[in-house]
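Trainee: Just so you know, we're using the numbering used here here: the sequence shown kicks off at 437 and counts up by one.
Sending over a structure as structure tokens; questions will come in a sec.
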Amino acid sequence: MRINRLTTLVLAAALGSAGVLAAGPTAGASAPFGCQYKVLWPTAGVYENPNPTSAVVKTKHAGDIVGASTCEGASYNEYGYVLVTTDAAADGRGWMREEAVVQI
437 MRINRLTTLV LAAALGSAGV LAAGPTAGAS APFGCQYKVL WPTAGVYENP
487 NPTSAVVKTK HAGDIVGAST CEGASYNEYG YVLVTTDAAA DGRGWMREEA
537 VVQI
């Protein structure tokens, strides 16, 4: 039994140093990038800029999944916003009220 364990350890070390064994998934293979949110409100606006007087460029509904490649946030007075990606915004960056979503 001891010889089998020793043989296994030697093989694992040899194959590992040769690059044959992988310790786990490679970075980014299945790891989510950025932040994703689930919309909680029945309807929630996606704003062009992070402030309540900005133009609403899109409307999302409860259960929709939104997100962006970065976990960026902003605030305007008492309102907090999270960054979401959208084709409807001029720069591809939209903003949603943080109370309207929950991070998943």
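The beta-carbon is built from N, C-alpha and C at its ideal position, and this holds for glycine as well.
Under 8 Å by Cβ, that's how I've got Tyr483 and Val538 pegged, so tell me the actual separation to the nearest angstrom.
Mentor: 18 Å between Cβ atoms; not a contact.
Trainee: How long is the line joining the alpha carbons of Glu514 and Met532, rounded to whole angstroms?
Mentor: Going by the C-alpha atoms only, they are around 14 Å apart.
Trainee: If distances are taken between C-alpha atoms only, which option among Ala524, Arg529 and Ala525 comes closest to Val518?
Mentor: For Val518, the nearest C-alpha among the options comes from Arg529.
Trainee: Answer with buried or exposed for Val413, where buried requires no fewer than 16 other C-beta atoms within 10 angstroms of its C-beta.
Mentor: It is not possible to answer for residue 413, since the shown part of the chain is limited to 437 through 540.
Trainee: Which value, in whole angstroms, describes the spacing of the CA atoms of Ala526 and Val475?
Mentor: Their backbone Cα atoms lie some 22 Å apart in a straight line.
Trainee: In chain order, what residues of the same chain have a beta carbon less than 7 Å from the beta carbon of Ala504, not counting five sequence neighbours either side?
Mentor: Excluding residues within five positions, the ones whose Cβ falls inside 7 Å are Gly470, Cys471, Leu519, Val520 and Thr521.
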